[in-house]
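*Asks:* Protein chains in written order, with the working numbering: chain B, 39 to 619; chain F, 39 to 619. Here a beta-carbon is modelled for each residue, glycine too, at the ideal position from N, C-alpha and C. Could you have a look at this structure, given as structure tokens, before my questions?
There are 2 protein chains.
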Amino acid sequence: MILNSITGPEVLKDLSLDELQQLAAEIRTALIERISHHGGHFGPNLGLVEATIALHYVFNSPVDKLVFDVSHQIYTHKMLTGRVDSFLDPSKYDDVTGFSNFRESEHDCFVIGHTSTSISLALGLAKARDLKSTNENIVAIIGDGSLSGGEALEGLNVAGELNSNLIIVVNDNDMSIAENHGGLYKNLKELRESNGTSQNNLFKAMGLDYVFVPDGNDVESLISAFALVKDTSKPIVVHICTIKGKGYSHAENNKEQWHYAQPFTIETGEPLFSFSKESYGSITLDYLLTKMSEDNTVINITSGTPTIVGFTKDIREKHENQFIDVGIAEGTAIALSSGIARNGGKPVYSVFSSFIQRAFDQLSQDVCLNETPVTILVHGASVYGMSDATHIGIFDIPLMSNIPNLVYLAPTCKEEYLAMLDWSIDQNSYPVAIRVPGNGVVSSPSTFDSDYSKINKYILSRKGTKVAILALGSMFQLGEEIANRLNATLVNPRYITGLDIDILASLVDSHDLVVTIEDGILDGGFGQKIASFYGSTSVKVLNYGLNKEFYDRRNSDEVLKECRMTANQIIDDINKLQNQQ
Amino acid sequence: MILNSITGPEVLKDLSLDELQQLAAEIRTALIERISHHGGHFGPNLGLVEATIALHYVFNSPVDKLVFDVSHQIYTHKMLTGRVDSFLDPSKYDDVTGFSNFRESEHDCFVIGHTSTSISLALGLAKARDLKSTNENIVAIIGDGSLSGGEALEGLNVAGELNSNLIIVVNDNDMSIAENHGGLYKNLKELRESNGTSQNNLFKAMGLDYVFVPDGNDVESLISAFALVKDTSKPIVVHICTIKGKGYSHAENNKEQWHYAQPFTIETGEPLFSFSKESYGSITLDYLLTKMSEDNTVINITSGTPTIVGFTKDIREKHENQFIDVGIAEGTAIALSSGIARNGGKPVYSVFSSFIQRAFDQLSQDVCLNETPVTILVHGASVYGMSDATHIGIFDIPLMSNIPNLVYLAPTCKEEYLAMLDWSIDQNSYPVAIRVPGNGVVSSPSTFDSDYSKINKYILSRKGTKVAILALGSMFQLGEEIANRLNATLVNPRYITGLDIDILASLVDSHDLVVTIEDGILDGGFGQKIASFYGSTSVKVLNYGLNKEFYDRRNSDEVLKECRMTANQIIDDINKLQNQQ
């Protein structure tokens, strides 16, 4: 085995072409083995094995700098830069993250997890090099799927004006997570089909030089191409064509499903565990399909992640008139939603909390300032969706709830969620976002309002004494437990974006303490507004929420404990404070 | 005069070509006259007179829908759609805004003020039309300068896949506010020089059809071109070449300076009023020029607005190695800054508060998660910068201050600003943003720290009794007045992004009331964190800040009064609350 002797990229340079090809095979086997046990990004990693080997053979990392876009294709890079044990030794699988991480290795320039950032980040590295008058190569590696994002397209444009070294490797596997969407992909197809000779060329139109590598899974031709552009004095695109999932037939045949894999049996491709229970994704899907069939102005919008709400390929095809995937382009998804609403359509845009961060200004200017009645479903906005720091969804409340005109709703269970969703789609007065609960599907026998147009009306769910608990969205069940144990008042605020002055004022006479609990960071959020409201009164306030922190691959229960957000901890705090008085 | 008979666009359709040309001349005269008295966007409006006439001659607004990007070129459209009085009658100048506004006319689809949004908004209108099976034309009008923005480029890509009517008029005057930056402008030049025939074509590479109009100030050829594309069943770009400032020689000769005009004398072009007093722009310029000459790794970054800190053309040229304009592309400006810092450069990015909204995710992911020591100067973040709702800068504190790792500083005067700026550029530990004061340049005889690396340390500026005033940034002088009048404690918090637990806790024993004052919206901001801190104590808190509202062309003093933020109002509130106890 060659792979376990690769202590760093310098070792590669002494290998023959045959050995490099053997190394590629070994890496591929290791990737399949590790991901079959551990889970991880699958197709992107298998497709980029040869290109990563060729990059490290030709360039001199860490002096030369490689920036991987999204970095879900970085496993081979990690194996070749001193981290091979974490791919060969199951006990060390968790020693590395699934993404680029500068704290992990000097060969990783950044922490990266969101798409479309690599070119602009690399431009900065290049500009700093020019300021310092050094001469390292700067290489950005970006997939075709990431090219639809505004930051990537901006980066291509700015790169077209740089008068120094920058190499942009476009890894074209003709796929995003699902199929690509947008006109530029017709141009990539033209380029593939003309062996890179088409006169019409997006990259040249952005002012960049261009070379084409038809077989991006062939080490030899990749090495030639990279050697050719090494030390270039002008920015250049190297367009390589790779096969997503290369070397594992199930993945080659079903690229979308094998973008990311949960643990599976290598022989059959069958997953080891099944996740068949009801989810807010499936609940939303069922609802939307019915609603869409009843009203042909309802349209489901996604920005590259159609399966958040279960829109698999067959469903997308069946409902193509009421579905649009804008590619990875959250800003445009929001602006498009606003336009649809303004012209009488009923847009429903599903997006992960971590990704709506990419569309703040569109939310503020294109939607809220225009008061267009869009419906935005924010998924994964919860401590329970903990993953890499790049993808946590706990910042949406400060981000969204402080924008004027937006009605941001926090349902506490399935039935309330569906009632809010149904209201939102048919109303014409407000831009509405709904924070899809993150604590699993809870069903409630209560009845819920069907009309939410009188905004900022909280629900008094339980009358108690002295202490009132305001438990927002997916923290409602926790609030309920505490209220029951303490015979406290329980309030379901429902509206994240405003205060119910009547209810809040009514609590003053009969309560000494108001407790808020929210499922997101405390700073800039819901509870602090409540604290401000009571600031001039004798009512004390305790706010519970997460710390302002980039939690990285943390256990949700541990984080909650750290933030004193278990029922026992909150009850202890309440008792302590009450006893002081 | 024809112009004053134009009650709506339908009137145009009966005019002869000669009359349309006469109308153009009358409009141009009216524009120059009005702006010479009232101020306003100058060059963009003069350039688009003929195209707007031709659009309304060919299309049938408001059934057909026109979406103007940025909409700083919309004056002619307003004149032709029933609002001509607001351009001819000085007493009615203020009846219309300077931008597109759906509340003003059914001919305006949206409120628009930020760049690069028109294509995505128009796509939404088109998609809704297709859902409803109606057949109106949808037209986006976008300047070349706006094409560098991610949302515009995303929109072009998504448009390339639409299988129905969408017309994108690219108004190419070969200018942004300053000169354009980016590789795509080389392609626009190729297209202009080849009469639109260059095989390499950005728009075609995005999957769009394309026609070229060499003289975009010729009504006749514009009418022919628009008639040709009317009712197109596929998205098409109409690339028209116009002259920014057309018809006023001073503006044609100095396009950058005449992008926007303050009131001026028509004959000479001389401004009626001079603004020569010291500003934070000139203070920053002086500082940066010295710093850049001492350290050639310091680099000044802008996204299309170089003159925020006085980088006029001559200064840009003189310092081209330490200056970069990425075009209107705030996301890339932030990511680029991060890359520069990571590779040892010292980036200083100046941006308006309203525009940094366009780079939240880059600030969070590309900078803060990566802990790169960038310096961001946030200008116009103040109630004193009130203008159109699209451009107010009062949302930055909730937007930025809740991002982990960022150090957001609020200097209270010129000397403190310079001390913070100097520290920030040379330190290596934190991403730093500085909130440039908005209340005019105040000079202080106090001494200020040169080192801000012990973060979240507030300054106790005055020791008083019972009441403590925490007055942030440009609210410090107001806080000082109140503290002096009440013999209250005065604190300069300096750090927006964190609490000084020591100082805050030390106030508990000796103070009944803590008052916070900040120059931005209250929700999600600084004061609410203070209220949360004291929630479990007996200290009362009063938070002062602006309402969560899109203030539109409001007088700053009135807004402050509405928010009870004058010294007398705050003192009244304090006295009232103290007397209750």
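So, is the C-beta of Thr153 (chain B) closer than 7 Å to a C-beta in chain F?
*Replies:* no
*Asks:* Please compile the residues from chain F whose C-beta is within a distance smaller than 9 Å of the C-beta of Pro100 (chain B).
*Replies:* Under the 9 Å cutoff, chain F gives no residues; its nearest Cβ is about 11 Å from Pro100 (chain B).
*Asks:* Among the residues of its own chain, which have a CB less than 6 Å from the CB of Gly234 (chain F), if the five just before and after it don't count?
*Replies:* Phe250
*Asks:* Would you report the Cα separation of Phe302 (chain F) and Arg591 (chain F), rounded to the nearest angstrom?
*Replies:* 22 Å
*Asks:* Under the rule that 16 or more other beta-carbon atoms within 10 Å means buried, what is Val275 (chain F), buried or exposed?
*Replies:* Taking a 10 Å sphere around the C-beta of Val275 (chain F), we find 16 or more other C-beta atoms and assign the residue as buried.
*Asks:* Going by the DSSP bridge assignment, what does Lys578 (chain B) pair with across the sheet?
*Replies:* Lys578 (chain B) has B:Leu551 as its beta-bridge partners, per DSSP.
*Asks:* Return helix, strand or coil for Thr235 (chain B), following the three-state DSSP convention.
*Replies:* coil
*Asks:* Run through DSSP, which three-state label would Ala506 (chain F) get?
*Replies:* strand
*Asks:* Tell me which residues of the stretch 428 to 447 of chain F have at least one Cβ-Cβ distance to chain B shorter than 8 Å, keeping chain order.
*Replies:* Thr428, Phe433, Pro436, Leu437, Ser439, Asn440, Ile441, Pro442, Asn443
*Asks:* Below 8 Å on the Cβ atoms is my contact criterion, and I expect Leu246 (chain F) with Ala197 (chain F) to pass it. Report the Cβ-Cβ distance as a whole number of Å.
*Replies:* 6 Å
*Asks:* Which of the three DSSP states is assigned to Lys277 (chain B) in this structure?
*Replies:* According to the sequence as given, residue 277 (chain B) is His; it is not Lys. Shown here, His277 (chain B) sits in a strand according to DSSP, grouped into three states.
*Asks:* Under 7 Å, do Ser154 (chain F) and Ser184 (chain F) count as touching if we go by C-beta distance?
*Replies:* By the CB criterion at 7 Å, Ser154 (chain F) and Ser184 (chain F) fall inside the cutoff.
*Asks:* Check whether chain B comes within 7 Å of Asn408 (chain F), counting only Cβ atoms and requiring the distance to be less than that.
*Replies:* yes
*Asks:* So, using beta-carbon positions, are Gly382 (chain B) and Ala166 (chain F) closer together than 7 Å?
*Replies:* yes
*Asks:* Would you mind telling me which residues of chain B sit closer than 7 Å to Asp399 (chain F), beta carbon to beta carbon, in chain order?
*Replies:* By Cβ distance, chain B contributes His152, Gln395, Arg396.
*Asks:* Gln626 (chain B) and Ser402 (chain F): beta carbons closer than 7 Å?
*Replies:* Because chain B here runs from 39 to 619, residue 626 (chain B) falls outside it and cannot be looked at.
*Asks:* Give a yes or no on whether the C-beta atoms belonging to Gly162 (chain F) and Gly377 (chain B) are separated by under 7 Å.
*Replies:* yes
*Asks:* Is DSSP giving Ile206 (chain F) helix, strand or coil here?
*Replies:* strand
*Asks:* In or out: Gln618 (chain B) buried (at least 16 other Cβ within 10 Å) or exposed?
*Replies:* Exposed, because fewer than 16 other Cβ atoms sit within 10 Å of the Cβ of Gln618 (chain B).
*Asks:* 7 Å is my cut-off, CB to CB: does Lys170 (chain B) come that close to chain F?
*Replies:* yes
*Asks:* Relative to the alpha-carbon of Asp182 (chain B), which residue among B:Val149, B:Glu199, B:Phe241 has its alpha-carbon at the smallest distance?
*Replies:* B:Phe241
*Asks:* According to DSSP, simplified to helix, strand and coil, what is Arg396 (chain B)?
*Replies:* Arg396 (chain B) falls in the helix class under three-state DSSP.
*Asks:* Going along chain F, which residues have a C-beta under 7 Å from Cys147 (chain B)?
*Replies:* Arg380
*Asks:* Check whether chain F comes within 7 Å of Gly342 (chain B), counting only Cβ atoms and requiring the distance to be less than that.
*Replies:* no
*Asks:* Is Asp547 (chain F) near the ligand GTP, with its Cβ less than 6 Å from a heavy atom?
*Replies:* This structure lacks the ligand GTP, and indeed carries no ligand of any kind.
*Asks:* Counting only beta-carbon atoms, is Phe106 (chain F) nearer than 7 Å to chain B?
*Replies:* So no, Phe106 (chain F) is outside the interface.
*Asks:* For Asn211 (chain F), name the three-state secondary structure that DSSP assigns.
*Replies:* coil
*Asks:* Between which residues of its own chain and Asn42 (chain B) is the CB-CB distance below 7 Å, once the five residues before and five after are set aside?
*Replies:* Val122, Leu126
*Asks:* Buried or exposed: Ala63 (chain B), going by 16 or more other Cβ atoms within 10 Å of its Cβ?
*Replies:* Looking at its Cβ environment, which holds fewer than 16 other Cβ atoms inside 10 Å, Ala63 (chain B) is exposed.
*Asks:* Which whole runs of the alpha helix (DSSP H) in the stretch 466 to 540 of chain F are 4 residues long or more, in chain order?
*Replies:* Whole alpha helix (DSSP H) segments, 4+ residues: 514 to 524.
*Asks:* Taking only beta-carbon atoms, is Val529 (chain F) less than 7 Å away from chain B?
*Replies:* Proximity of Val529 (chain F) to chain B, defined by a Cβ-Cβ separation below 7 Å, is not satisfied.
*Asks:* On a CA-only basis, which of B:Ser491, B:Leu516, B:Ala526, B:Asp489 is nearest Lys501 (chain B)? Give me that one, please.
*Replies:* Per the C-alpha coordinates, the member of B:Ser491, B:Leu516, B:Ala526, B:Asp489 positioned closest to Lys501 (chain B) is B:Ala526.
*Asks:* Report yes if the CB atom of Val529 (chain B) is closer than 7 Å to the CB atom of Tyr496 (chain B), and no otherwise.
*Replies:* Taking C-beta atoms as the reference points, Val529 (chain B) and Tyr496 (chain B) count as a pair closer than 7 Å.
*Asks:* Any C-beta of chain F within less than 8 Å: which residues of the stretch 584 to 602 of chain B qualify?
*Replies:* If you check each beta-carbon in the stretch 584 to 602 of chain B against every beta-carbon of chain F, the ones closer than 8 Å belong to Lys586, Glu587, Phe588.
*Asks:* Hey, does Glu144 (chain B) have any beta-carbon neighbour from chain F nearer than 7 Å?
*Replies:* no
*Asks:* Is the Cβ of Val579 (chain F) closer than 7 Å to any Cβ of chain B?
*Replies:* yes
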